[in-house]
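The structure appears below as structure tokens.
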Amino acid sequence: MLRITASKSVDAAVNYFRDALSKGDYYLEGQEVAGCWGGKGAAMLGLDGPVTKDAFLNLLHNRLPDDSDKLTPRNPPNRRPGYDFTFDVPKSVSLLHTIAGDDRIEAAMKRAVATTMLQIEQDMHTRVRKDGAFHDRQTGNMIWADFTHYTSRPAPSDDKLLEGLPDPQLHMHVYAINATYDEVEERWKAGEFSRIKQDGPYHQAVFHTELAGELQRIGYDITPTKDAFEVKGFERALLGKFSRRTQEIEAKARELGITDAKAKAELNARIRKVKDKNIPLSTLRKVWKANLTPKEANLIQSAMSKAHLQDGREATNDSRAAKEAIEYALSHELERYSEVPERRLLATALAQSIGSAKVEAVKDACANRQGMLRAEIGGRTHVTTQAVLEEETKLFDLVKDGRGSVRPLTRDKYEFQNPLFTDPAKDTREQQDAVRLVMESQDWAVGVVGRAGTGKTTLLQEVADGLKRENMPLVLCAPTAEASRGVLRQEGFQQAETVKKLLTDEDLQKRLRGSVLWVDEAGMVGNQDLLQLLRLAKGNGAKRVVLAGDARQNRSVPRGDAFRLLEENGLKVARLDQVRRQKNPLLKQAVEAISKGEVGKGFHTLDQMGAIHEAAEPQDRHRDLARDYVKASQGRRPGACLVISPTHAEGERVTAAIREELADQGILKGREHTYIRHVPTGWTDAEKTNPISYEPGMVVQFQRHAKSFKAGERLNIRKVLPNKGWVIAQRSDLAPVLLPLKHADRFTVYRPQEVKLRENDTIRITQNAYLNGGKTQLTSGARHQVKGFTIDGDIRLQGGKVLPRSFAHFTHGHCITADAAQAKTVDHVFVAIGSESTAAADMRRMYVAVSRARHGAHIYTDDREELLQAAMRDQPRRSATEIARLAEKQQRGRQASFELVRRSVAERFMDGLRRQKQRRFVRDRGLERIMEMER
Numbered sequence: 015m016l017r018i019t020a021s022k023s024v025d026a027a028v029n030y031f032r033d034a035l036s037k038g039d040y041y042l043e044g045q046e047v048a049g050c051w052g053g054k055g056a057a058m059l060g061l062d063g064p065v066t067k068d069a070f071l072n073l074l075h076n077r078l079p080d081d082s083d084k085l086t087p088r089n090p091p092n093r094r095p096g097y098d099f100t101f102d103v104p105k106s107v108s109l110l111h112t113i114a115g116d117d118r119i120e121a122a123m124k125r126a127v128a129t130t131m132l133q134i135e136q137d138m139h140t141r142v143r144k145d146g147a148f149h150d151r152q153t154g155n156m157i158w159a160d161f162t163h164y165t166s167r168p169a170p171s172d173d174k175l176l177e178g179l180p181d182p183q184l185h186m187h188v189y190a191i192n193a194t195y196d197e198v199e200e201r202w203k204a205g206e207f208s209r210i211k212q213d214g215p216y217h218q219a220v221f222h223t224e225l226a227g228e229l230q231r232i233g234y235d236i237t238p239t240k241d242a243f244e245v246k247g248f249e250r251a252l253l254g255k256f257s258r259r260t261q262e263i264e265a266k267a268r269e270l271g272i273t274d275a276k277a278k279a280e281l282n283a284r285i286r287k288v289k290d291k292n293i294p295l296s297t298l299r300k301v302w303k304a305n306l307t308p309k310e311a312n313l314i315q316s317a318m319s320k321a322h323l324q325d326g327r328e329a330t331n332d333s334r335a336a337k338e339a340i341e342y343a344l345s346h347e348l349e350r351y352s353e354v355p356e357r358r359l360l361a362t363a364l365a366q367s368i369g370s371a372k373v374e375a376v377k378d379a380c381a382n383r384q385g386m387l388r389a390e391i392g393g394r395t396h397v398t399t400q401a402v403l404e405e406e407t408k409l410f411d412l413v414k415d416g417r418g419s420v421r422p423l424t425r426d427k428y429e430f431q432n433p434l435f436t437d438p439a440k441d442t443r444e445q446q447d448a449v450r451l452v453m454e455s456q457d458w459a460v461g462v463v464g465r466a467g468t469g470k471t472t473l474l475q476e477v478a479d480g481l482k483r484e485n486m487p488l489v490l491c492a493p494t495a496e497a498s499r500g501v502l503r504q505e506g507f508q509q510a511e512t513v514k515k516l517l518t519d520e521d522l523q524k525r526l527r528g529s530v531l532w533v534d535e536a537g538m539v540g541n542q543d544l545l546q547l548l549r550l551a552k553g554n555g556a557k558r559v560v561l562a563g564d565a566r567q568n569r570s571v572p573r574g575d576a577f578r579l580l581e582e583n584g585l586k587v588a589r590l591d592q593v594r595r596q597k598n599p600l601l602k603q604a605v606e607a608i609s610k611g612e613v614g615k616g617f618h619t620l621d622q623m624g625a626i627h628e629a630a631e632p633q634d635r636h637r638d639l640a641r642d643y644v645k646a647s648q649g650r651r652p653g654a655c656l657v658i659s660p661t662h663a664e665g666e667r668v669t670a671a672i673r674e675e676l677a678d679q680g681i682l683k684g685r686e687h688t689y690i691r692h693v694p695t696g697w698t699d700a701e702k703t704n705p706i707s708y709e710p711g712m713v714v715q716f717q718r719h720a721k722s723f724k725a726g727e728r729l730n731i732r733k734v735l736p737n738k739g740w741v742i743a744q745r746s747d748l749a750p751v752l753l754p755l756k757h758a759d760r761f762t763v764y765r766p767q768e769v770k771l772r773e774n775d776t777i778r779i780t781q782n783a784y785l786n787g788g789k790t791q792l793t794s795g796a797r798h799q800v801k802g803f804t805i806d807g808d809i810r811l812q813g814g815k816v817l818p819r820s821f822a823h824f825t826h827g828h829c830i831t832a833d834a835a836q837a838k839t840v841d842h843v844f845v846a847i848g849s850e851s852t853a854a855a856d857m858r859r860m861y862v863a864v865s866r867a868r869h870g871a872h873i874y875t876d877d878r879e880e881l882l883q884a885a886m887r888d889q890p891r892r893s894a895t896e897i898a899r900l901a902e903k904q905q906r907g908r909q910a911s912f913e914l915v916r917r918s919v920a921e922r923f924m925d926g927l928r929r930q931k932q933r934r935f936v937r938d939r940g941l942e943r944i945m946e947m948e949r
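Quick note: to get my numbering, add 14 to the position in the sequence shown (first position is 1).
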């Protein structure tokens, strides 16, 4: 593992490394040892060999090593003195080094770290702000000091022998000083570390690959794992016995609802216990060995003995494995994005090929892969494939070919059915223009782009009435079950279905003939689905396709912002900008501002109306939200109030607070009943093909038929054999069966999780289902109130539906994510966004969350400034078309540059020839004159 952490102050860095810098730690029995200076920058300063305390402290204080002058010109109060690059080896490697005493491992780790740091050093940049410039310049030099640690922090233990003692954990801290030498400006300046941190997963994958290769060279066999690798033969129970610190952090993270890796790293620092560094390593080794069973001790010793016999062999470097890893990475990364930074692609490929191919082999496989398109964006290479580009091109062609190709849907000028559109007192010009575009256009495909709450449903009802008058059927679909079977059906469109249903149901597809296909929430439909949908509509004789939605709201999960792309590439659209949903004038102003990207202005308005509630402690924040939500819900219709959080983790904590408040109010009744629910892993199809992804206890359910498996069938994962490529599952009749990984697109993988329910709880369905032989339909996203429980443990819902105890596809329905909230309209919305969730917050989710409400929005946070910064983010999701255009433009630029250089060289060459000719002429004339004079 590699963690990159910025030091917040000089004191923090000094305190952390103080003991390693003391003379007493330069002995073999110490748990921490200061190492050597590294980096080209260190050599430029004359730093070589062991790290010395005075030089290190001077650099931390932005002074030259000898304290003779400042290092960099600027020394602001909030200056970061440096960055800690922490390299951890896998637990099995630590056990072999620390318990078995294989000192070759420490040397192997240091070689892997050195190779990785050289790669990182090449990426070092500095900011250029001189004379109005605003860019970064590559410097390629760094200053660092390394520190080797042999133990983890102490962690709780059930074993009194281990209580208060650390576990074996070999790792290195490479502390990089925040300075780099700019050769252009000829001075030391602060380093620009953001690029390096951004590429952290890539550098981690390089380290893991290099370490695996080094261990293979000294004789160890490698077994890849989901996170990295372990030495072959080490069982999970043994590794877990000496991973108490990791278990402590994970348990605390679960308790606090933290899932973000950065937040976990900060949690690690907050609950860090002080090491007792006076205990010699030899004493700790005796304690650790005493905690081993004879079998475990023999396993460790045998692994080392076998490795010694194989010492000196070559690391595995299979070019075929490298190529397969690149294909896996492309499949994984391009399932949800149309393009990807090349380093992210390489990070995925390196993790997939660990122990099978070297870093350079994987890089070569990527560079030589046919059909790749590359473009430079902000100093980073982004890639896509010709196949993804062709997918987008086919979308454009379908729309382009349909321009001016059909007759209007009405023979005469359209006459409005709804009196609202003919009332001169009502400003409905935007909606009228949209209806006329749909009914009178001669384009086969048109669009309606409407912000949240601009009256798209009223417009749709008008179009439906107009089509009815023309005896023309309307086929309605939306990307989610909640939007189609939930919202649209509630609005009176009883035949509305999901996009997936329309794509797979042949009987439903027959209804397209002679109809108008209306795709609602089109901004959430990916490229592949929309391309297939347009082809179906064309092939089945649909008279028109209408794409309606807002590309500024939540995007599709599959790759591609198809609606935005079509809008930017010729799709004729009508725009609805006038917000009508919000009845509160200030809330309306805030929503309008955020919808235009003016987040700061929108936040100021929300703050002005008292909508932002700040509380430092999570329990206080969530308790306040729960109290306000329950109070606002009383006396209102069910569903009038909605609670939203960007992450499921914080949502669970909010749910706990709401249920506690409901219980205190006497609304939740009776005892708790415990059920097992299935939580989707969210894996890509590529991840589902990889045996390493699976763990015993997981559940698989088929969504579509596969050979020997029926849609709806469930399997329990019992055993995983990655070396054979097997995932062994168990059927309901307990018969073992191999999971068909090649049909990964036909099943979903879940993790079982307990959920507790009481009478009057609210649950939300998480997967479409039919019960009672198909008589009872359950819609994903729909919320239901629990009215009681049967003797057998089935769940009775309001309205008479009964959920079987084994159903499993539900969760508490008190809080949902912003992605699930799109298409909903409520009176009041309550939004929970703590620091642990800001990584998942952005402009789109904030826009969706706040715009759901008619009358009031209430936002609960622990840091309004951090929340504002998060809400201002809008990460671009580029298309393959954009990458291809950039690549072509950059290629033309390179060709133009080459042509300029060629011409310059040619001109210099010709100029040289001319001068040479002149010199000859002068020389020849001179000779002639001399000869004449001699005569």
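For each residue, glycine too, the CB sits at the ideal point set by N, CA and C.
Quiz item: In three-state terms, what does DSSP make of K721?
Solution: Under the three-state reduction of DSSP output, K721 falls in the coil class, being neither helix nor strand.
Quiz item: Helix, strand or coil for C829 per DSSP?
Solution: In this structure, C829 counts as coil in the three-state DSSP scheme.
Quiz item: Do you know how far the Cα of L882 is from the Cα of R143?
Solution: Their backbone Cα atoms lie some 26 Å apart in a straight line.
Quiz item: Which value, in whole angstroms, describes the spacing of the CA atoms of Y40 and R859?
Solution: Low confidence applies here, because Y40 scores a pLDDT of 31, under 50, leaving its location unreliable; read the following figure in that light. Spanning the two alpha carbons is a distance of roughly 53 Å.
Quiz prompt | Cβ contact (3+ pairs, closer than 8 Å) linking the stretch 186 to 202 and the stretch 227 to 247 | solution = Segments in contact, no.
Practice problem: Tell me whether E673 is buried or exposed, calling it buried when 16 or more other Cβ atoms sit within 10 Å of its Cβ. | Solution: Per the sequence shown, residue 673 should be read as Arg rather than Glu. Buried, because 16 or more other Cβ atoms sit within 10 Å of the Cβ of R673.
Quiz item: In chain order, what residues of the same chain lie with their CB nearer than 7 Å to the CB of Y351, ignoring the 5 residues before and after it?
Solution: R573, R891, listed in sequence order.
Quiz item: Three-state secondary structure (DSSP) at V593?
Solution: If DSSP states are grouped into helix, strand and coil, V593 belongs with coil.
Quiz item: What residue from M15, T129, K105, A190 has the CA that sits closest to F70's CA?
Solution: For the residues M15, T129, K105, A190, the minimum Cα distance to F70 belongs to A190.
Quiz item: On the three-pair Cβ rule with 8 Å, is the stretch 768 to 779 touching the stretch 823 to 835?
Solution: Yes, they touch.
Quiz item: If you check the beta carbons only, do A556 and L526 fall under 9 Å apart?
Solution: The Cβ-Cβ distance between A556 and L526 falls below 9 Å.
Quiz item: What are the partner residues of C655, as DSSP defines its beta bridges?
Solution: DSSP lists H842 as partners of C655.
Quiz item: According to DSSP, what are the bridge partners of T100?
Solution: According to DSSP, T100 bridges with R17, H187.
Exercise. Answer with buried or exposed for T223, where buried requires no fewer than 16 other C-beta atoms within 10 angstroms of its C-beta.
Key: Classification for T223: buried.
Quiz item: Relative to the alpha-carbon of A11, which residue among K738, P694, N737, L771 has its alpha-carbon at the smallest distance?
Solution: Because the chain here runs from 15 to 949, residue 11 falls outside it and cannot be looked at.
Quiz item: Just the Cα atoms here: how many angstroms apart are A20 and I293?
Solution: Spanning the two alpha carbons is a distance of roughly 29 Å.
Exercise. Could you pull out every residue in the same chain whose Cβ sits closer than 7 Å to the Cβ of K470, ignoring the five residues on either side in sequence?
Key: Hits under 7 Å: V462, G464, A562, L590.
Self-check item: Supposed contact pair V376 and A329 - C-beta distance, whole angstroms, cut 8 Å
Solution: Wrong, their Cβ atoms sit about 13 Å apart, outside the cutoff.
Exercise. Note down the Cα distance separating L74 from D68, rounded to an integer number of angstroms.
Key: Near 10 Å, if we compare the C-alpha coordinates of D68 and L74.
Quiz item: Mind checking whether L323 and I314 have CB atoms under 9 Å apart?
Solution: Taking 9 Å as the Cβ cut-off, L323 and I314 do not qualify as a contacting pair.
Self-check item: Beta-carbon proximity check, M186 vs M138, cutoff 9 Å
Solution: Between M186 and M138, the C-beta spacing is not below 9 Å.
Practice problem: Note the first and the last residue of the continuous beta strand (DSSP E) segment covering G870. | Solution: Residues 867 to 875.
Self-check item: Sequence-distant residues of the same chain with beta carbon closer than 6 Å to D235, five excluded per side
Solution: Result list for D235: K246, in chain order.
Exercise. Compare the beta carbon distance of A510 and L490 with 9 Å and say whether it is the shorter of the two.
Key: Contact: yes.
Self-check item: DSSP state of P705 mapped onto helix, strand, coil
Solution: Here P705 sits in helix by DSSP.
Quiz item: Pairing CB atoms from the stretch 128 to 138 with CB atoms from the stretch 200 to 210, are three or more of them under 8 Å?
Solution: In short, these stretches touch, since the Cβ pair count reaches three.
Quiz item: So A834 and P660 are in contact, right, with Cβ under 8 Å, and what is the actual spacing, rounded?
Solution: No, A834 and P660 are not in contact; Cβ-Cβ is about 11 Å, not under 8 Å.
Practice problem: Ignore the nearest five residues each way along the sequence and tell me which others in R286's own chain have a CB closer than 6 Å to its CB. | Solution: Model confidence at R286 stands at a pLDDT of 47, short of 50, so the residue's coordinates are unreliable and nothing is read from them.
Quiz item: What's the C-alpha gap between D759 and V714?
Solution: Between the alpha carbons of D759 and V714 lies a gap of roughly 12 Å.
Quiz item: Under the three-state reduction of DSSP, which class applies to R943: helix, strand or coil?
Solution: In this structure, R943 counts as helix in the three-state DSSP scheme.
Self-check item: T762 and S345 closer than 9 Å at C-beta
Solution: For the pair T762 and S345, the CB atoms are not nearer than the 9 Å cut-off.
Quiz item: Rounded to a whole number of angstroms, what is the C-alpha to C-alpha distance between D959 and R388?
Solution: A question about residue 959 goes unanswered here, because the residues of the chain that appear run from 15 up to 949.
Quiz item: Who are R388's beta bridge partners in DSSP?
Solution: Looking at the DSSP output, R388 bridges to V397.
Practice problem: Return helix, strand or coil for P64, following the three-state DSSP convention. | Solution: Three-state result, P64: strand.
Quiz item: Quick one: Cα of I681 to Cα of N774, how far?
Solution: Cα-Cα distance, rounded: 7 Å.
Practice problem: Using the Cα positions of H828 and L61, report the straight-line distance between them to the nearest angstrom. | Solution: For H828 and L61, the distance between alpha carbons rounds to 60 Å.
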